[in-house]
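Here the sequence shown is numbered in the working numbering, starting from 7 and rising by one per residue. Heads up, the beta-carbon is just placed ideally off N, CA and C, and yes, glycines get one too.
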Amino acid sequence: LERTLSIIKPDAVERNLVGAIFARLEQQKFRLVAIKMLHLTKEQAEGFYAEHQGKEFFADLVNYMISAPVVVSVLENENAIKNYRTFMGATDPAAAEIGTLRYEFALSKRQNSVHGSDSAESAAREIAYFFADSELC
Ligand code: ATP
Ligand code: MG
């Protein structure tokens, strides 16, 4: 079994979509391993998205990620990393397939409602970024 890190981003939390998104994740047979809500600090958001430091959208991305609380969770299934990326849909909701979370919920390329780890290495780093081993059920 594989695990991935999900973030329900500020735009979705602010619009009361946390329950709707978790309902879909459970329907899609992801097991919830851990969940917490937090309001990221600037330092936490910059560290999380360190791979994008220097890109033209970085400052706006960090400001958006700290604009309201987020809900971070760990999801598990046979192929969780790829399955969740597929279920999220494209970064830009205009390009997201029907039935994906971003097709249904995202507002824009930046305010795109969810994050998911993009590789096994990212998943390991991102899960450890938010959760202690003792918090993973
Ligand atoms: P995430 O890493 O959040 O799962 P992703 O892997 O689909 O999304 P990345 O290329 O890693 O996309 O970009 C990280 C986040 O930065 C995007 O989800 C989006 O919120 C924001 N972002 C990326 N590109 C742009 C852009 N051109 N304009 C505005 N925001 C952007
Ligand atoms: Mg990414």
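Can you tell me where the alpha helix (DSSP H) with E8 in it begins and where it stops? From DSSP, E8 is part of no alpha helix (DSSP H) but of the beta strand (DSSP E) over 8 to 14.
Close Cβ partners of H45 (< 7 angstroms) along its chain, the five nearest in sequence each way excluded: P75
Any heavy atom of the ligand NAD within a distance shorter than 8 angstroms of the CB on D124? Only the ligand ATP and the ligand MG can be found as ligands here, which leaves the ligand NAD out of the picture.
Of the choices A40, D98, S79, P16, whose alpha-carbon is the least far from that of E1? Here the chain has residues from 7 to 143 only, and residue 1 is not among them.
For I41: DSSP bridge partner residues: S79
What is the DSSP secondary structure of G122, reduced to helix, strand or coil? strand
Would DSSP call Y55 helix, strand or coil? coil
Please classify H58: is it buried, with 16 or more other beta-carbons within 10 angstroms of its beta-carbon, or exposed? exposed
By DSSP, does F3 sit in helix, in strand, or in coil? Outside the shown range of the chain, which is 7 to 143, sits residue 3, and nothing can be said about it.
Pull up the distance between the alpha-carbon of Y109 and that of E62, whole angstroms please. 25 angstroms
Nearest residue (CA-CA) to A138, options N22, Y70, K42: K42
Checking 9 angstroms against the spacing of the C-beta atoms, do I87 and G122 come in under that value? yes
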